[in-house]
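Per UniProt numbering, the sequence shown starts with residue 1, numbered consecutively. For every residue, glycine included, the Cβ atom is placed at its ideal position computed from N, Cα and C. No experiment lies behind these values; they were computed from the predicted model shown.
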Amino acid sequence: MTPQFSDNLIKWSLAAFLIVVFAFLYMPIVHILFASLSSRPNFPYPPEFNLASYVRLSTNTVYQSAFLNSLLLASCTAVLSTVLGFLATVGVLRFGGKRALFYAILFAAPLFVSEILLGISSMALYYLLFELQGNMLTAIIANTVHCFSFCFLIMAAMLYKYDWRMNEAAIVCGASPVRSFIEVMLPITWPGIMGSLITAFVLSLNGLDVSFYLLGATPTMPSVAWGALRYGVKPELYALSTLINLIIFALVLGLMVSIRLRQRAIGSGEASDQH
């Protein structure tokens, strides 16, 4: 066996393995897409394309209400988790000193708490101690506790090697702290901020255990999908799931394109400076 043949065999084997892995990961998503566009959603192969499920979705008030509630919950949770995660990361890495590792472990601790326990404990805490009934506000707070640790770790990975002297230099040159953040820190750290927003948004959008104990009868996408299992999944749910998947893929793709364009802009700027 020649070395070239051996290298080609390894490359083709790795390519075949990657194809199998990606097929395993994305076939359920593709199946939902076909089911939403087929007249036979239970087994849509070969697909007979029509938009009947999307037409019925436009008149289904239960799914529309669940989608709007989930969108509100996910958006507020994503913004709040990202802001708190960013502030916590700056505090730990910039001012943590010798106790930075202890603070980091403390902030990452909610990752190791089960979502069911977090939902039950949040319900008991808000009701017994603060006498708050389960509502959208308490659900946002509980989901923020769950998503905060993910945002903190993403921010920490982005800011771990950040040179804090750049902010100090900007302030020395006359810039205010806000302007220093907008013009110096934000252009470097925005991929981590967007990554935290998308991660927290997806986690809270798809989360059932935390929201179930705090929202009660208020419908969300996960609770409606879970309840539909008792009566059979309707094609409208496939259509709504497809729309949500497209939104998430569009956000991730937009983030990747923005990062690539930013890298090209930085590279072209450095090349022009050298000339």
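- Secondary structure at F43: coil, using DSSP grouped into helix, strand and coil.
- For the options L251, A100 and K161, the alpha carbon positioned closest to that of L197 is the one of L251.
- Around the beta carbon of T61, fewer than 16 other beta carbons lie within 10 angstroms, which makes this residue exposed.
- Counted as a single uninterrupted DSSP element, the alpha helix (DSSP H) harbouring D209 occupies residues D209 to L215.
- In the same chain as P219, and ignoring 5 residues on each side of it, the C-beta atoms closer than 8 Å to its own belong to V62, S65, A66 and N69, in chain order.
- Contact between V55 and N143 does not hold, since their C-beta atoms are separated by about 32 Å, which reaches or exceeds 8 Å.
- When secondary structure is reduced to three states using DSSP, F130 falls in the coil class, being assigned neither helix nor strand.
- In this chain, R99 is not harboured by any alpha helix (DSSP H), its DSSP state being neither H nor E.
- Counting every other CB atom within 10 Å of its CB across the protein chains shown gives T59 a total below 16, marking it as exposed.
- For A225, the enclosing alpha helix (DSSP H) starts and ends at M221 to A228.
- In its chain, beyond the 5 residues on either side, Y103 have a beta carbon closer than 6 Å to the beta carbon of G96.
- In the DSSP assignment, E48 falls outside any alpha helix (DSSP H), carrying neither H nor E.
- The criterion of a C-beta distance shorter than 7 Å is not satisfied by N245 and I10.
- For S114, the secondary structure class from DSSP, reduced to helix, strand or coil, is coil.
- With contacts defined by Cβ atoms closer than 7 Å, L159 and T89 form a contacting pair.
- Under the three-state reduction of DSSP output, S58 falls in the coil class, being neither helix nor strand.
- Around the beta carbon of A239, 16 or more other beta carbons lie within 10 angstroms, which makes this residue buried.
- Boundaries of the alpha helix (DSSP H) around F201: L186 to N206.
- Where E168 is concerned, the enclosing alpha helix (DSSP H) starts and stops at R165 to V172.
- P110 and P47 have their C-alpha atoms spaced approximately 44 Å apart.
- Counting C-beta pairs closer than 8 Å gives fewer than three between the region 114–123 and the region 163–177, which falls short of the contact rule.
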